[in-house]
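Everything on this sheet refers to the single structure shown next.
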Amino acid sequence: MTVLLGSYRQAASLIWSALNALNDMSSVFGAGIRKFHVYSIPENILYSGYNMRPETCPFFMYSSEIVVPELIKRHSSLYESSPDKAKFYVVPQFSTCFYHFCLQEAGNNVEICKEKTQKYFDDIVDWVEEKYPYWNQNGGNDHVFVFSWDQGSEILGHNSPTHHRIQSCIHLVHHGKRVADDSNYISQKDVIIPVYRDYFALDRLSGKHMERKIFAYFRGTIENSEHIYGHGVRRFIKYLGQTKPTKYFVKEGHNEFYWNEISRSTFTLCPPGWSLWSPRLYDAILAGSI
């Protein structure tokens with residue numbers, strides 16, 4: 004599989020740093036050499052009829068589930084080609100991309116697509132269980148999944164058998180919401196990784212002096228028919244932009260000026276949307292905005 008990595012080296016570097024953190028978590032994973040084997044899932048199961056790649060999935064910002072297994076395989080300090088010598092096992096699966104492709108075909112029928120996504124995911128885990136002995140040796144505790152969806156493994160359904168099946172596995176996620184009843188992120192075993200993004204436009208601005216004339220900046224989706232979207236925070240930011248436009252640069256939607264604007268901002272506002280995490284956090288860091 005060809006994955007876009009060269010053009011997005013900053014994003015790949017961020018994720019690589021997070022993956023290295025796995026090797027430093029001795030208190031969780033124990034001492035000794037900790038290497039990862041990446042399963043080679045048959046294409047008919049992994050792709051399930053869809054062209055699931057970073058450049059073709061409906062939403063690029065969820066592409067870490069596709070990219071991370073490839074990144075691990077490219078770095079000898081993490082990758083172990085022999086599963087018998089590995090400490091952990093990475094299971095490639097593109098559930099977020101699959102789910103969004105399904106929504107396009109099913110007219111945004113969430114219930115149907117959640118069921119289909121569970122079936123897609125179960126087929127992959129079934130194959131791993133039947134093909135190799137490692138899952139049953141430790142009940143899947145040493146198996147790693149990347150969940151790039153807004154609420155992580157919630158994409159498999161909160162109380163579904165599929166979700167419970169992988170609850171003890173290691174999850175690489177973008178959010179770190181720590182609440183008592185949230186099984187999508189457990190700080191004792193799961194790891195937060197950065198979002199995979201297109202930073203090519205930011206590369207073109209590197210080396211240029213950008214005077215930070217914008218005090219506080221936000222550009223993105225503000226209005227949404229769902230009243231729970233953003234918990235009202237984005238609408239309040241819009242109000243600030245309307246009432247104090249010299250301090251708050253707030254625009255609805257996305258355009259080609261995003262990287263130029265964020266690079267000229269002292270502060271970047273990162274409010275929640277559907278999830279508590281936002282790619283703007285990492286965008287701001289790389290653009291030098293607070």
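Remember, the working numbering sits 3 above the position in the sequence shown when you count from 1.
Beta carbons are placed, not taken as given, at the ideal position from N, Cα and C, and that holds for glycine.
All values reported here derive from a predicted model rather than from experimental measurement.
Beta-carbon spacing of residue i, residue j below 7 Å
i: Asp193; j: His174; result: yes
i: Tyr232; j: Phe252; result: no
i: Phe104; j: Tyr65; result: no
i: Val149; j: Glu68; result: yes
i: Ser41; j: Pro72; result: One detail in the question is off: residue 41 reads as Val in this sequence, not Ser. Contact flag set, yes.
i: Asn144; j: Ser171; result: yes
i: Ile195; j: Gly179; result: yes
i: Ala109; j: Cys100; result: no
i: Gln121; j: Leu159; result: yes
i: Phe39; j: Leu106; result: no
Range of the contiguous alpha helix (DSSP H) that encloses residue i
i: Arg200; result: First-last for Arg200: undefined, no H or E at that position.
i: Phe101; result: Ser98 to Glu108
i: His166; result: Pro164 to Arg168
i: Glu46; result: Glu46 to Leu49
i: Trp138; result: Tyr137 to Asn141
i: Lys192; result: Careful: Lys192 lies outside any alpha helix (DSSP H) and carries neither H nor E.
i: Arg283; result: Arg283 to Ala290
i: Lys76; result: Ser67 to Arg77
Residue i: first and last residue of the uninterrupted beta strand (DSSP E) it sits in
i: Leu175; result: Ile173 to Val176
i: Ser268; result: Ser268 to Thr271
i: Glu255; result: Tyr251 to Glu255
i: Arg237; result: Looking at the DSSP string, Arg237 is not in any beta strand (DSSP E); the run it does join, the alpha helix (DSSP H), is Val236 to Thr246.
i: Ile217; result: Ile217 to Gly223
i: Val94; result: Where Val94 is concerned, there is no enclosing beta strand (DSSP E), given that its DSSP letter is neither H nor E.
i: Phe150; result: His146 to Phe150
i: Phe124; result: Segment Val113 to Lys134 is the alpha helix (DSSP H) holding Phe124; no beta strand (DSSP E) there.
i: Phe39; result: Phe39 to Val41
Rounded straight-line distance, which links the Cα of residue j to that of residue i
i: Ser123; j: Asp129; result: Sequence inspection shows Tyr at residue 123; the Ser mentioned does not correspond to that position. If I take the Cα positions, the gap works out to 10 Å.
i: Gly142; j: Ser156; result: 18 Å
i: Lys95; j: Asn162; result: A quick correction: the sequence has Pro, not Lys, at residue 95. Rounded to whole angstroms, Pro95 to Asn162 spans 22 Å at the Cα level.
i: Val295; j: Ser85; result: Only positions 4 to 293 of the chain appear in this structure, which leaves residue 295 out of reach.
i: Ser268; j: Phe260; result: 12 Å
i: Gly256; j: Ser51; result: 33 Å
i: Thr249; j: Tyr242; result: 13 Å
i: Tyr102; j: Ser151; result: 12 Å
i: Ile44; j: Ile293; result: 41 Å
i: Ser83; j: Ile265; result: Per the sequence shown, the amino acid found at residue 83 is Glu instead of Ser. Cα to Cα, the separation comes out at about 40 Å.
i: Lys254; j: His167; result: 41 Å
i: Leu279; j: Arg237; result: 12 Å
i: Asn227; j: Ile240; result: 14 Å
i: Pro274; j: Trp138; result: 39 Å
i: Arg222; j: Ser98; result: 28 Å
i: Asp126; j: Ile48; result: 7 Å
i: Gly276; j: Asp87; result: 43 Å
i: Gly291; j: Ile225; result: 24 Å
i: Phe32; j: Gln191; result: Note that Phe32 scores a pLDDT of 48, beneath 50, so its modelled location is shaky; the value from the coordinates is reported in the next line. Whole-angstrom Cα-Cα distance: 10 Å.
i: Met213; j: Arg207; result: 12 Å
i: Gln140; j: Lys134; result: 13 Å
i: Pro136; j: Pro164; result: 21 Å
i: Asp201; j: Asn258; result: 14 Å
i: Ile217; j: Lys211; result: 17 Å
i: Glu46; j: Val70; result: 16 Å
i: Asn2; j: Met55; result: The chain is shown only over 4 to 293; residue 2 falls outside these bounds and no answer can be derived.
i: Cys60; j: Tyr188; result: 24 Å
i: Phe91; j: Ser79; result: 14 Å
Exposure of residue i, with buried meaning 16 or more beta-carbon neighbours within 10 Å
i: Asp286; result: buried
i: Pro57; result: buried
i: Asn199; result: Going by the sequence as given, residue 199 is Tyr instead of Asn. Tyr199 comes out buried.
i: Thr271; result: buried
i: Trp244; result: Sequence check: residue 244 is Gly here, not Trp. The residue in question, Gly244, is buried, as its Cβ has 16 or more Cβ neighbours within 10 Å.
i: Ser30; result: In this prediction, Ser30 has a pLDDT of 41, which is less than 50 and means its spatial position is unreliable; nothing more can be read from the coordinates.
i: Pro197; result: buried
i: Ala89; result: buried
i: Ala204; result: exposed
i: His146; result: buried
i: Lys247; result: exposed
i: Ser281; result: buried
i: Arg77; result: exposed
i: Lys119; result: buried
i: Leu289; result: buried
i: Phe62; result: exposed
i: His234; result: exposed
Heavy atom of the ligand NAP within 6 Å of residue i beta-carbon
i: Lys38; result: By its list of ligands, the structure shown contains no ligand whatsoever, and the ligand NAP lies outside what it can speak to.
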